[in-house]
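Here the protein sequences line up with chains A and B, keeping their order.
Letter by letter, the first sequence follows residues 70 to 323 of the numbering used here.
Letter by letter, the second sequence follows residues 4 to 263 of the numbering used here.
Yeah, the Cβ is synthetic: ideal placement off N, Cα and C, and Gly gets one too.
Data block below; observations after.
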Amino acid sequence: MAVAGKRIVFFTTLVLLWQGIVLLGIWPESMIPSPLSVANEIYAGFKDMTLIWDIVASFRHLLIGFAFSLIIGTLLGVMLAKVKALDETLGSMILALQSVPSIVWVPLAIIWFGFGEASIIFVVIIGGTFVMTMNMRIGIKNVPPLYLNAARTMGSKGLDLFLKVVVPAAIPHAVTGVKLSWAFSWRALMAAELLSSGPGLGYTLAYASDFNNMSLVIGIIIIIGTIGAIVDQVIFQRIENNVLKRWGLDERNP
Amino acid sequence: MYLKINNVSKTFHNEKDQALTVFQDIDLDINEGEFVSLLGPSGCGKSTLLSIIAGLAQPSSGSIFLENAEVKGPGPDKSMVFQEAALFPWLTVSENIRFPLRKSLNKKDQQDVAADYLQMVHLSNFANHYPHELSGGMQQRVSIARALAMDAKLLLMDEPFGALDEQTRTVLQDELEKIWLSAKKTIIFVTHSIRESIKLADRIIIMGARPGTIISDIKVDLPRPRLQKDMADLEEELLTILKGEIQKVMKEELRYGGSR
Chain A
70 MAVAGKRIVF
80 FTTLVLLWQG
90 IVLLGIWPES
100 MIPSPLSVAN
110 EIYAGFKDMT
120 LIWDIVASFR
130 HLLIGFAFSL
140 IIGTLLGVML
150 AKVKALDETL
160 GSMILALQSV
170 PSIVWVPLAI
180 IWFGFGEASI
190 IFVVIIGGTF
200 VMTMNMRIGI
210 KNVPPLYLNA
220 ARTMGSKGLD
230 LFLKVVVPAA
240 IPHAVTGVKL
250 SWAFSWRALM
260 AAELLSSGPG
270 LGYTLAYASD
280 FNNMSLVIGI
290 IIIIGTIGAI
300 VDQVIFQRIE
310 NNVLKRWGLD
320 ERNP
Chain B
4 MYLKINNVSK
14 TFHNEKDQAL
24 TVFQDIDLDI
34 NEGEFVSLLG
44 PSGCGKSTLL
54 SIIAGLAQPS
64 SGSIFLENAE
74 VKGPGPDKSM
84 VFQEAALFPW
94 LTVSENIRFP
104 LRKSLNKKDQ
114 QDVAADYLQM
124 VHLSNFANHY
134 PHELSGGMQQ
144 RVSIARALAM
154 DAKLLLMDEP
164 FGALDEQTRT
174 VLQDELEKIW
184 LSAKKTIIFV
194 THSIRESIKL
204 ADRIIIMGAR
214 PGTIISDIKV
224 DLPRPRLQKD
234 MADLEEELLT
244 ILKGEIQKVM
254 KEELRYGGSR
């Protein structure tokens, strides 16, 4: 609870500081809007449901794309870990693709799929897949030989060895992959929606920016950050901690 | 002969393709129900030999027969206890013991067998715990229970108590001795501890190093449980045999270190 207290103090100070800067009047409100007008915009957006629909639309894009990312990423990762020739060829390409920022795919997606949801989902899939692939690959490659040897002396081999030993042993890496894949997908989603024809949080952000509504721009940035942090901390961090603890890998609090 | 090790050699090749012979022409016959200890300095290849018996590694030449059938790979007829407990962290203690039983027994029997062996190693209260919640000694007891529950023809133990503290080791040695006396398994036990060998084994095979060979095959006829004072003479004798080997290894390591 001490942490919660510290955070309340921190964010209150931050907002007061922000308000103070606005009151100094160095920059016009169209560049730095006051915290109150940002809060008003968020409130209005929720009240007339536009922001709710944006969030729902964004989550729909995200969940569809994220699900594909996990499935494709897992399959690719298993294949890279198991087939050496693939790892040496396709693996190096995926490593390169992983370092390409998702926004780079947006122009291509628009040409291929138009301005609609398919483009957004495509970019989200590209954004989330490769990090999942690389984590899954490492998870499967790094299964301790001791587990494999022990399982073999207990008569486990082939598919049974893979499903009952290799896959569970790879779970900690897979969970990290899922968490990172979520973070990458979320970023890719915003990049793709900025150039889409809506609805979606990114679209509304671009729209607000076109109309010089800086209060709404900042409001949406806050919403994006808040959702991202909540999902990461409340869902994925918790799952990851539980897995690490169960797998005996949590060295900080044994 | 129950287990026949026939002219087995093992050679490794390093990156420069130089051959390193770990051991040569090992011939060994082991009877059913015997508790045999493989004793030797580090680097003599005793763990490698055990892996080959388990089927986890292939010999460079020679062959191994278990009940007249050649050992071609690992399998549930040869259970193994490793230096580390090798339990699966995602399974509970009881599930770990049931792992090798999945194919051969139904659910009910699996549970009964697991419960029996957990009781044997005094861990009945920990059946539903996860391995990380247990101490190192408890984990190793679970892995011994798991190996015993398989009811294999051969129980292979690779320095199973090497990573434990002195007190835990003594307790587990006593437990293993009791279990062996009641179950009469054929056990091959790798160790570098002279005292552990004498305390547990019927027969001690001493391996020398560079390349590894069997230099002594000693029967231990002391009454069980073995007392420190009865063991002293034999301990002295084995130490004399091993001293020469240890010096040989050290000399070679020094020479190797100096040449780099």
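Can a CB atom of chain B be found closer than 8 Å to the CB of residue i?
i, result
"A/LEU215", "yes"
"A/ALA260", "no"
"A/ASN281", "no"
"A/PRO102", "no"
"A/THR143", "no"
"A/VAL234", "yes"
"A/ARG221", "yes"
"A/GLY197", "no"
"A/ARG315", "yes"
"A/ASN335", "This structure does not reach residue 335 of chain A, given that chain A is present from 70 up to 323, and the question cannot be answered."
"A/PRO237", "yes"
"A/ASN204", "no"
"A/GLY224", "yes"
Does the beta-carbon of residue i have 16 or more other beta-carbons within 10 angstroms, so that it is buried, or is it exposed?
i, result
"A/PRO97", "exposed"
"A/VAL244", "buried"
"A/ARG76", "exposed"
"A/LEU228", "exposed"
"B/MET210", "buried"
"A/HIS242", "buried"
"A/LEU149", "buried"
"A/VAL193", "buried"
"A/GLY134", "buried"
"A/ILE292", "buried"
"A/ALA239", "buried"
"B/MET123", "buried"
Go ahead and pull the three-state DSSP assignment for residue i.
i, result
"A/MET100", "coil"
"B/MET123", "helix"
"B/ASN9", "strand"
"B/GLY139", "helix"
"B/GLU73", "strand"
"B/ALA1", "As shown, chain B starts at 4 and ends at 263. That puts residue 1 of chain B outside it, with no answer to give."
"B/VAL223", "coil"
"B/ASP168", "coil"
"A/PHE231", "helix"
"A/PHE191", "helix"
"A/LEU215", "helix"
"B/LYS81", "strand"
"B/ILE100", "helix"
"A/ALA73", "helix"
"B/ALA22", "strand"
"A/ILE80", "With the sequence shown as reference, residue 80 of chain A is identified as Phe, and Ile is not the correct amino acid for it. Note: A/PHE80 maps to helix in three-state DSSP."
"A/MET203", "helix"
"B/LEU230", "coil"
"A/ARG307", "helix"
"B/ILE218", "strand"
"B/SER185", "helix"
So, does the CB of residue i fall closer than 8 Å to a CB anywhere in chain A?
i, result
"B/TYR133", "yes"
"B/SER45", "no"
"B/LEU41", "no"
"B/PHE15", "no"
"B/MET160", "no"
"B/SER82", "yes"
"B/GLU87", "yes"
"B/LYS246", "no"
"B/PRO103", "yes"
"B/PHE164", "no"
"B/LEU167", "no"
With a threshold of 7 Å, establish whether the CB of residue i neighbours any heavy atom of the ligand GDP.
i, result
"B/LEU90", "Looking at this structure, you won't find the ligand GDP or any other ligand, since it has none at all."
Ignore the nearest five residues each way along the sequence and tell me which others in residue i's own chain have a CB closer than 6 Å to its CB.
i, result
"B/GLN113", "ARG101 and LEU104"
"A/ASN322", "Its pLDDT being 46, under 50, A/ASN322 is placed unreliably by the model, and the measurement read from it follows with that caveat. Same-chain partners within the cutoff: there are none."
"A/TRP122", "PRO268"
"B/PRO228", "none"
Excluding the 5 residues preceding and the 5 following residue i in the sequence, name in chain order all residues of the same chain whose CB lies nearer than 8 Å to its CB.
i, result
"B/ALA88", "PRO134, GLY139, GLN142, GLN143, VAL145 and SER146"
"B/GLN27", "SER12, PRO214, GLY215 and THR216"
"A/LYS151", "ILE209"
"A/THR82", "none"
"B/ASN10", "ASP28, ILE29, ASP30, SER64, GLY65 and SER66"
Flag residue i as yes if its beta-carbon sits less than 8 Å from any beta-carbon of chain D, otherwise no.
i, result
"A/THR245", "Among the chains of the structure shown, chain D does not appear; the protein chains present are A and B."
For residue i, collect the residues of the same chain with a Cβ closer than 7 Å to its Cβ; drop the 5 residues on either side in sequence, then sort them by chain order.
i, result
"A/PRO104", "VAL84, TRP87 and GLN88"
"B/ALA204", "PHE38, VAL39, SER40, PHE192 and VAL223"
Item to complete: Starting from the N-terminal side, write out each stretch of the beta strand (DSSP E) that is 3 residues or longer and does not extend beyond the region 24-62 of chain B.
Response: 38-42
Worksheet item: Curious, which full-length alpha helix (DSSP H) runs of at least 4 residues does the region 98-184 of chain A contain?
Response: 104-116, 119-151, 153-167 and 175-182
Discussion item. For a minimum of 4 consecutive residues, which ranges assigned as the alpha helix (DSSP H) are wholly contained in the region 218-272 of chain A?
Written reply: 227-230 and 236-263
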